[in-house]
DNA sequence: TCTTGACCTTCCATCTGATGGAACCTCTAT
DNA sequence: ATAGAGGTTCCATCAGATGGAAGGTCAAGA
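Chains as they are written, first to last, in full-length UniProt numbering: chain S, 1 to 129; chain X, 1 to 129.
Here's what the structure looks like:
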């Protein structure tokens, strides 16, 4: 399978697939012409990567998950730990964003948004000293 | 004022302050010894930047906001537009994260997290083909 | 006066996670 | 033979800093 087909079937851009090979996440074989020759298992891993990345797992998380995925004797606790840690990070990020949103929404609704120069948004950003 | 004091008073690391000078957000004067000599107005701008960045505004947003901030004749509508656009981005990001969180939380709670190799998390990540 | 240590300088490398583009090779169909 | 659709490598770039090396400066104490 050439990179184009793998790209279509995995949903990942060819650039990204080459990048993932570069950083050692996959090791496709090479044909005589120098083209990457992907096996079904490579495609499978790439699809796995695509979904894990879409869930916000970092590349290093993905590397660990792939290792665990290929380790038939791993404990599910190891995987769960990675996922739980990630869930905590997501919750933190959510809390931050929600606070940001609240502050910003308040400022936006306080701002007349007309042609006058008075602007509560700038006033707020500059007033805390 | 040297960079150390500005760092303390603005809450920004010295590295970051140098970086902000580098990309043209501030233009502190220089003392005879080559040290950066910050005016109160520089400190003010840096604090402004710190707060805007904390609200998730991009550096380019900040550049625009600073320009508007210094333009006594700007319309508040210009500022509001930047803030509203940013608010929309935050809402998108929030929706994404919430979906991620829901999926991940479901997987985590489905996973026994014991010594057995069966793991719904990995099963899910690998099953969608 | 000398020295120590805190503080300052620049410059270059590194991080995450790709992505864009140039220059060039290969395969397939006409 | 040639066009064009693929493939290849390598190098640069994006955001937004941050780490570290090598070296200059300043103030205080022995």
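We put the CB at the ideal spot given by N, CA and C, even for glycine. In this text the structure is predicted, and so the values were computed from the model without any measurement.
Can you confirm whether residue i, when its beta carbon is compared against all beta carbons of chain X, has any partner nearer than 8 Å?
| i | result |
| --- | --- |
| residue 8 of chain S | no |
| residue 18 of chain S | no |
| residue 1 of chain S | no |
| residue 48 of chain S | yes |
| residue 103 of chain S | yes |
| residue 44 of chain S | yes |
| residue 114 of chain S | yes |
| residue 53 of chain S | no |
| residue 117 of chain S | yes |
Assuming residue i is part of the alpha helix (DSSP H), what are its boundary residues?
| i | result |
| --- | --- |
| residue 62 of chain X | 59 to 70 |
| residue 76 of chain X | 76 to 110 |
| residue 12 of chain X | Unbroken run through residue 12 of chain X: none, as it is neither H nor E. |
| residue 122 of chain S | 120 to 127 |
| residue 41 of chain X | 40 to 54 |
Should residue i and residue j be called a contact, given that it needs their Cβ atoms to be closer than 8 Å?
| i | j | result |
| --- | --- | --- |
| residue 117 of chain S | residue 76 of chain X | yes |
| residue 57 of chain S | residue 65 of chain S | yes |
| residue 90 of chain S | residue 104 of chain X | yes |
| residue 26 of chain S | residue 14 of chain S | no |
| residue 69 of chain X | residue 48 of chain X | yes |
| residue 1 of chain S | residue 52 of chain S | no |
| residue 94 of chain S | residue 50 of chain S | no |
| residue 43 of chain X | residue 83 of chain S | no |
| residue 7 of chain S | residue 17 of chain S | yes |
Of the residues the options, which one's Cα is nearest the Cα of residue i?
| i | options | result |
| --- | --- | --- |
| residue 59 of chain X | X/44, X/86, X/73 | X/86 |
| residue 92 of chain S | X/88, X/101, X/92, X/89 | X/101 |
| residue 74 of chain S | X/122, X/19, X/9 | X/122 |
| residue 61 of chain S | S/72, S/79, S/44 | S/79 |
| residue 5 of chain X | X/39, X/34, X/71, X/82 | X/39 |
| residue 110 of chain S | S/99, S/71, S/124 | S/124 |
| residue 115 of chain X | S/98, S/96, S/81, S/30 | S/81 |
Is the CB of residue i under 8 Å away from at least one CB in chain S?
| i | result |
| --- | --- |
| residue 87 of chain X | yes |
| residue 92 of chain X | no |
| residue 4 of chain X | no |
| residue 33 of chain X | no |
| residue 56 of chain X | yes |
| residue 15 of chain X | no |
| residue 73 of chain X | yes |
| residue 25 of chain X | no |
| residue 126 of chain X | yes |
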